[in-house]
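The structure is reproduced here in structure tokens:
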């Protein structure tokens, strides 16, 4: 229940409903007019929000000729959606020179970063994003969720930006860090209580040591009325030893929290990796939650091909367990060109809304989920291979595996990593390890 309550506030969480749809996310970032124009851009129609009000007269030619920051951003978005990236960059630069307000400047900087990401100019994209994060309250989760940022997320500059955000710096990472800590507290609810007691006991031992040290000095000096040396020294040793042990436990808890936060961030990055289904539909792993158990096979072409061939012998049983094979051949795939869409566009498959959402929307989402389940077959191809390889190498480093070595990674139904190993998997062992989906549902119903 605590995790469900936190999801609406998290910019990144591994849950399918934890990350808002980009079209909804834009509400807090883009002005109403900007959002309104984007939502109707593909239809070429602009409608008034109040249908009962009479239509406003068209502006005069003199007013139309005067550009504003808002009009430049909208024009840039339109050019960007048509693939005219260079012209879009000029419009976003013009918007930044026309005394924009906070919302307009944020939109101009972010979409300018999208243009640079599309042109694989990662350094320039990072500079724009740092300014938007630091000065205009851009949410870091936006960068994680936008498909236009896929090329940038595969670059070293994104990794540096993410590490800075994970550290919780005041410039770009305070909100991102806070959200991750909330998720970490839900997963380890008693860590805060333990740290509180560690601090309390450290303080108590410190106060006791403060009064014990003078007595120890008197015991060493000796004389009439001096306390017993052995007793005083034993008390001081107990206090000091307790402080050392408690400080070590406190630091260990902090280290565990950092590792957990890193894993949460890595799981969120994994959930946003795109795949192409057998029907040629492109979707993200987050959309496949509760439908499949993805098994990632990463390594050389010979190893992955051999593992796929062996899996064909168990195809029927693996399908009953919801297994979806995702082969990743290091260095063998060309980059997939993604058509730019602009900030605030919708995705191919919508995540299921919360229980409290509108009934019709939930019905549409369930129907979309059913269609997606029908499209999932035995194998899916990766999209944006650089992004996939970057995530796998990070995962290998975290597990102490040499980057580039053959590995397999089995995911849970909820999208988290179930387990991983060197080499290619033993399919007999996987069949024994994973229960059939129908058996799992039967247990849940009981």
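Residue numbers (our numbering): 2 to 447. Glycine included, every Cβ here is placed at the ideal spot set by N, Cα and C. Fair warning: this is a prediction, and the values are worked out from it, not measured in the lab.
{"query": "Residue 233 versus residue 240 - alpha carbon distance", "result": "11 angstroms"}
{"query": "Exposed unless 16 or more other CB atoms sit within 10 angstroms - verdict on residue 81", "result": "buried"}
{"query": "Sheet register partners of residue 299 (DSSP bridge)", "result": "329, 408"}
{"query": "Residues near residue 216 in its chain [Cβ-Cβ closer than 7 angstroms; skip 5 each side]", "result": "228, 233"}
{"query": "Euclidean distance between Cα positions of residue 199 and residue 209", "result": "15 angstroms"}
{"query": "Simplified DSSP assignment, three categories, for residue 413", "result": "coil"}
{"query": "Residue 193 - DSSP class collapsed to helix/strand/coil", "result": "helix"}
{"query": "Whole-angstrom distance between residue 397 and residue 432, CA atom to CA atom", "result": "24 angstroms"}
{"query": "For residue 276, the three-state DSSP class (helix, strand or coil)", "result": "strand"}
{"query": "Assigned secondary structure, residue 285 (DSSP; H/G/I helix, E/B strand, else coil)", "result": "strand"}
{"query": "Residue 429, DSSP secondary structure in three states", "result": "helix"}
{"query": "Opening and closing residue of the alpha helix (DSSP H) in which residue 142 lies", "result": "141–146"}
{"query": "Residues near residue 126 by beta carbon distance below 6 angstroms, same chain, minus five either side", "result": "114, 117, 118, 153"}
{"query": "Buried/exposed call for residue 147, threshold 16 Cβ in 10 Å", "result": "buried"}
{"query": "Rounded C-alpha distance that separates residue 384 from residue 327", "result": "11 angstroms"}
{"query": "Contact between the region 405–417 and the region 288–299 (3+ Cβ pairs under 8 angstroms)", "result": "yes"}
{"query": "Residue range of the unbroken alpha helix (DSSP H) whose run includes residue 394", "result": "386–399"}
{"query": "Same chain only: Cβ atoms within 7 angstroms of residue 304, ignoring 5 sequence neighbours per side", "result": "407, 425"}
{"query": "Which residues DSSP lists as bridging residue 421, in chain order", "result": "410"}
{"query": "For residue 324: DSSP bridge partner residues", "result": "294"}
{"query": "Collapsed DSSP secondary structure at residue 83 in the structure displayed", "result": "coil"}
{"query": "Minimum C-alpha distance to residue 315 - residue among 428, 121, 160", "result": "428"}
{"query": "Given residue 94 as reference, the closest of 393, 128, 109, 130 once Cα atoms are compared", "result": "109"}
{"query": "Residue 273 and residue 294 closer than 8 angstroms at C-beta", "result": "no"}
{"query": "Neighbour-count burial assignment, residue 218, 16 or more Cβ in a 10 Å radius", "result": "exposed"}
{"query": "Residues sharing a beta bridge with residue 382, DSSP", "result": "277"}
{"query": "Span of the alpha helix (DSSP H) around residue 136", "result": "123–136"}
{"query": "Whole-angstrom C-beta distance between residue 107 and residue 137, which should lie under 8 angstroms", "result": "4 angstroms"}
{"query": "C-beta contact flag for residue 471 and residue 70 at 8 angstroms", "result": "Because the chain in this structure spans residues 2 to 447, residue 471 falls outside the shown range and cannot be described."}
{"query": "Residue 188 beta carbon less than 8 angstroms from that of residue 307", "result": "no"}
{"query": "Straight-line Cα distance separating residue 434 from residue 88", "result": "54 angstroms"}
{"query": "Cβ pair residue 203, residue 237 closer than 8 angstroms", "result": "no"}
{"query": "Proximity winner among 302, 380, 123, 430, relative to residue 405 (alpha-carbon distances)", "result": "302"}
{"query": "Residue 337 versus residue 84: straight-line alpha-carbon distance, rounded", "result": "Confidence at residue 337 is low in this model, with a pLDDT of 43, below 50, so the placement of that residue should be treated as unreliable; the coordinate-derived value is given next. Taking the straight line from one Cα to the other gives about 15 angstroms."}
{"query": "Length of the line joining the Cα atoms of residue 139 and residue 102", "result": "14 angstroms"}
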